Structures are given as C-alpha cells and as structure tokens.
Amino acid sequence: MPEPNEKLVQFPQESSRDVLTEVLHRGAQQMLLTAIEAEVDDYLAARAATMDAAGRRRVVRNGHLPTRAIQTPLGDVRVQQPRVRDRRPVGERETFRSAILPAERGGRRTGDVPVGDPPYLRKTTSLEELYPWLYLKGISTGDFSEALQALLGPDARGLSATTITRLKAVWEQDYRGWSQRSLAGRRYAYVWADGVYFNVRLEDTDNKRQCILVLMGATREGQKELIAITDGYRESEQSWRELLLDVRARGLAIDPELAVGDGGLGFWGAVRKVFPKTREQRCWVHKTMNVLNKLPKGVQPKAKAMLHDIWMAETTSSANQAFDLFVATFHAKFPAATACLAKDRDVLLTFYEFPAEHWIHIRTTNPVESTFATVRLRTRKTKGAGSRLACLTMVFKLAMAAQKTWRALNGCQLIADVIDGVPFVDGVRKEAA
36 MPEPNEKLVQ
46 FPQESSRDVL
56 TEVLHRGAQQ
66 MLLTAIEAEV
76 DDYLAARAAT
86 MDAAGRRRVV
96 RNGHLPTRAI
106 QTPLGDVRVQ
116 QPRVRDRRPV
126 GERETFRSAI
136 LPAERGGRRT
146 GDVPVGDPPY
156 LRKTTSLEEL
166 YPWLYLKGIS
176 TGDFSEALQA
186 LLGPDARGLS
196 ATTITRLKAV
206 WEQDYRGWSQ
216 RSLAGRRYAY
226 VWADGVYFNV
236 RLEDTDNKRQ
246 CILVLMGATR
256 EGQKELIAIT
266 DGYRESEQSW
276 RELLLDVRAR
286 GLAIDPELAV
296 GDGGLGFWGA
306 VRKVFPKTRE
316 QRCWVHKTMN
326 VLNKLPKGVQ
336 PKAKAMLHDI
346 WMAETTSSAN
356 QAFDLFVATF
366 HAKFPAATAC
376 LAKDRDVLLT
386 FYEFPAEHWI
396 HIRTTNPVES
406 TFATVRLRTR
416 KTKGAGSRLA
426 CLTMVFKLAM
436 AAQKTWRALN
446 GCQLIADVID
456 GVPFVDGVRK
466 EAA
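So that you can map any letter, position 115 of the sequence shown is 150 in my numbering, and since no number is skipped, the others follow by simple counting.
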C-alpha cells in the first residue's frame with residue numbers, strides 16, 4: 036500500500052477536466068500505487084529465504100525512488116516506486132525491474148550489475164501510440180496540439196506540431212526498411228490481394244486517384260500477416276507483376292497454394308506468370324456486388340439470397356445445384372447478370388478443395404477489406420493525403436497497427452496439410468486408400 040505520507044496529486048482548479056475525469060484520474064493513481072507496492076512485496080517474498088550469516092534478509096526495501104510524473108491519456112500520474120536493496124555478493128545480485136513501470140532502455144551498467152537507479156518511463160506506451168493514431172485517424176498537424184490538450188489537460192508536455200512532422204519522417208523510413216526486408220524462408224498457404232483507392236490532394240489531375248496494392252498471407256502457423264504494400268497504376272497487370280516479382284526476388288520462392296482476389300484481370304494475369312502453381316479463388320463479396328449491379332433493385336433481395344445459397348452450400352454438388360438454379364431463374368430476363376456469374380464458376384468454387392475450417396477466411400478478400408476501413412476513414416476526414424508518399428506511409432502504419440490484433444485462422448493446425456499438398460474434398464481431408 037502507499038506510504039502514509041504519500042498524497043495523491045491535486046488537480047489545479049483551472050483544469051479543463053470534468054468531475055468524472057478527475058475521479059478516474061484519482062482512481063488510476065491509487066490503483067497504480069497499490070499495484071506497484073504489491074509487485075515489490077511479491078518480489079521480496081520470493082527472496083525472503085536469502086539470509087546472511089546473522090540471519091538477516093539480504094534483499095530488502097530501501098525507501099523510495101524520487102517521485103516522477105508519467106504522462107497517460109488521463110493526464111500526469113505521479114508515482115513513487117519502492118527502492119529494493121540487494122546485499123548479496125556482486126555476482127549474485129539482481130536489480131528489481133517493475134513490469135508496471137518499465138525502465139527506459141540504455142541504463143548504465145558495470146559488468147552484469149546495473150549501476151544507479153533505473154530511470155522511469157516518462158510516457159506510457161498507450162500515449163506513445165496515441166500520437167500516430169491521432170494523426171492517422173484524422174487530426175491534422177495544425178490541430179494536433181489542441182487535440183492532445185483536450186485529452187491530457189492544458190499542462191501536458193510534448194504537444195508541438197513538429198512532433199507529427201518528425202514522426203512522419205520516421206514512418207517513411209520504417210516503410211522503406213519494411214518494404215525491402217528479406218522474405219527468405221517464408222511460406223504462405225494462402226494470399227489475399229486487393230487494390231484500395233485513395234485521393235491525393237497535391238498530385239496533378241491525372242494522378243489524384245492513387246491505387247494502393249495490398250498483398251497479405253497466411254503463414255504455416257495460421258497467422259495472417261502483411262507481405263507487401265505499394266502504389267500502382269490502377270490495378271494493372273504490370274503493377275501487380277512488379278509487386279509479385281519484388282516479393283519473389285526478396286526470397287518468397289515457393290508458390291502459395293491459393294490466391295484470393297476480386298475479378299480484376301490485372302492481378303490474375305500477373306499471378307499466373309509469377310506464381311503459376313497457385314490456385315485461384317474469386318471473392319464472393321465482389322462477385323455478389325457485380326452480379327447484383329446488373330439486376331433491377333426489386334429483384335436484388337431474392338438474387339442475393341440465392342447467391343448466398345451457392346457459397347454457403349456444404350458440398351460442391353450442392354453448390355453447383357444452387358448455381359444452376361440461379362442461372363435458370365434469371366437467364367431469360369437478365370442474361371448479363373447470369374453471364375457475369377457463370378464465367379467464373381470454377382474459380383468461385385475452388386475453396387471446396389481446402390479445409391472447411393478455412394472457408395470463412397478464403398471465400399472473400401475480407402481480411403484486406405476490413406483492415407482498410409480505418410484507412411478510408413482517415414482519408415475522408417482529411418480530404419485525401421497530401422502526397423503519394425504520405426498516403427503510402429499512412430496506409431502502411433495503419434495496416435501494421437491493425438496486424439497486431441488479427442486472429443489466427445480457424446483450424447490453423449490444418450495449414451501444414453495444405454502446404455504439404457494433402458487433398459481435401461468438400462472441406463474434408465481425403466485419407467489415402
């Protein structure tokens with residue numbers, strides 16, 4: 036528990052925080068102090084049996100480190116970390132490192148024994164991440180200081196607009212390094228490809244509409260990860276071919292088992308040349324939209340339900356029956372709609388030859404689409420990125436942040452079977468005769 040004379044920080048009367056925020060701040064500080072004290076108690080209890088010749092404990096409390104302020108999204112929180120003294124011989128000593136208040140990197144050391152007290156972390160990780168997210172989610176550089184003051188209070192530090200300017204330069208370096216990283220030894224069972232369009236304010240009229248090409252993959256462990264992000268000329272075959280040749284040159288030597296994308300001919304023309312062994316799966320969301328666009332609005336609800344029956348069927352046979360029914364139902368009056376569907380029959384049903392647990396992931400390009408919903412939100416708020424490089428960098432940073440929360444594929448243990456070429460029929464593993 037906190038020391039009896041330790042007082043919680045008082046807010047100035049002129050603070051812009053309301054009563055609720057002040058209560059939250061006080062509660063957060065009290066919880067933090069309690070948690071730190073409990074952490075030290077546990078550390079000491081684990082070493083309580085370490086005694087010297089006189090029967091005294093060698094690892095003991097030794098007062099407190101100086102009180103420091105840590106910036107958090109609730110404002111400055113003042114903390115005092117208990118000091119721990121280790122009186123064991125030099126080769127046996129440990130330095131207490133709080134998991135709640137991690138020390139900054141680069142502390143001074145003599146051999147294996149840290150010298151002096153470790154410096155406190157001055158800003159929480161959540162606040163460090165708040166800087167780029169405020170910018171990337173729509174706060175312009177000029178409004179940055181005002182936005183942070185509203186969150187952190189009028190006395191918050193480090194609110195200069197140049198913070199974002201410096202960060203953007205770092206992000207550009209991060210993107211360049213990431214886009215040149217080695218892919219040697221990487222193996223992807225599935226890849227998803229899509230082109231996402233953004234407005235770029237400072238380009239000439241012909242180049243204001245920027246296409247970002249995105250390639251994602253599923254690893255042998257079943258994790259989804261970004262493979263490549265680059266800008267292209269629309270979704271042309273040449274642009275996609277350049278991207279695929281680049282990832283192959285950086286070490287992606289083995290063809291993925293399956294590629295998932297919309298009907299854009301550019302990607303498919305490129306993937307057949309660069310990864311000729313890769314199977315093709317058309318995105319059912321894109322195909323559904325394309326078919327419905329060729330039907331009157333009054334017919335669309337029925338047609339959408341019938342399309343749903345195709346790709347939600349449990350077997351290839353049932354899917355083909357539903358497919359034939361759709362064509363027979365609408366062909367006479369709406370031949371353009373049925374032709375749009377029928378021309379891709381084979382590549383719309385490829386997923387049946389892969390594990391049923393993976394169908395939810397490989398029937399559509401949703402892994403790409405859902406990720407870039409936040410990116411589109413940013414560009415709508417700012418009326419487009421300022422330059423092509425700024426747009427590309429913004430897409431990269433948001434996508435990398437989103438990647439941290441992506442969940443593994445269902446049935447990820449089956450990825451190894453897919454990579455090893457084990458056959459599946461209607462989603463079920465086909466056992467050897």
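Glycine included, each C-beta is placed from N, C-alpha and C at the ideal position.
Note that the structure is predicted; figures quoted are calculated from it, not measured.
Buried versus exposed, by CB contacts within 10 Å (16 or more), residue i
i       : result
Leu-360 : exposed
Arg-317 : buried
Gly-301 : buried
Glu-292 : buried
Asp-455 : exposed
Ala-88  : exposed
Tyr-232 : exposed
Asp-76  : exposed
Ser-217 : exposed
Asp-229 : buried
Gln-116 : buried
Lys-322 : buried
Ala-294 : buried
Trp-213 : exposed
Ser-405 : exposed
Val-125 : exposed
Gly-296 : buried
Gly-284 : The question names Gly, but residue 284 in the sequence shown is Ala. It counts as exposed.
Leu-280 : exposed
Ala-305 : buried
Gly-257 : buried
Asp-381 : exposed
Glu-349 : exposed
Pro-370 : exposed
Val-309 : buried
Thr-69  : exposed
Pro-390 : buried
Ser-352 : exposed
Extent of the continuous alpha helix (DSSP H) to which residue i belongs
i       : result
Ala-377 : 370-377
Arg-423 : 423-438
Arg-380 : 380-383
Thr-351 : 351-365
Glu-272 : 272-284
Asp-452 : 450-454
Range covered by the beta strand (DSSP E) that runs through residue i
i       : result
Thr-117 : As written in the sequence, residue 117 is Pro, which differs from the Thr given in the question. Taken as a continuous stretch (DSSP letters only), the beta strand (DSSP E) holding Pro-117 covers 117-121.
Thr-399 : Here Thr-399 belongs to no beta strand (DSSP E), and DSSP marks it neither H nor E.
Beta-ladder partner(s) of residue i, from DSSP
i       : result
Ala-228 : Leu-250
Gly-267 : Cys-246
Gly-296 : Arg-317
Met-86  : Arg-92
His-99  : Pro-117
Ile-105 : Val-112
Arg-464 : Phe-459
Leu-261 : Met-251
Tyr-223 : Thr-254
Any non-hydrogen atom of the ligand NAD within 6 Å of residue i CB
i       : result
Ser-405 : Absence of the ligand NAD is noted for the structure shown, with no ligands found whatsoever.
Runs of alpha helix (DSSP H) lying entirely within the stretch 306-340, each at least 4 residues, in chain order: For the stretch 306-340, the continuous alpha helix (DSSP H) assignments of 4+ residues that do not extend past its boundaries occur at 319-327, in sequence order.
Are there three or more Cβ pairs, one per stretch, closer than 8 Å when the stretch 244-257 is compared with the stretch 438-447? These segments touch.
Are the stretch 393-404 and the stretch 218-231 touching, with three or more C-beta to C-beta distances below 8 Å? Judged by Cβ distances under 8 Å, the stretch 393-404 makes contact with the stretch 218-231, as three or more pairs qualify.
Three or more C-beta pairs closer than 8 Å, one from the stretch 333-343 and one from the stretch 359-375: is that the case here? With a cut-off of 8 Å, the stretch 359-375 and the stretch 333-343 count as touching, because enough Cβ pairs lie within range.
Contact between the stretch 421-439 and the stretch 316-330 (3+ Cβ pairs under 8 Å): Output reads no: the stretch 316-330 does not touch the stretch 421-439.
Could you say if the stretch 255-267 and the stretch 420-434 meet the contact criterion of at least three C-beta pairs nearer than 8 Å? Touching, per the Cβ criterion.
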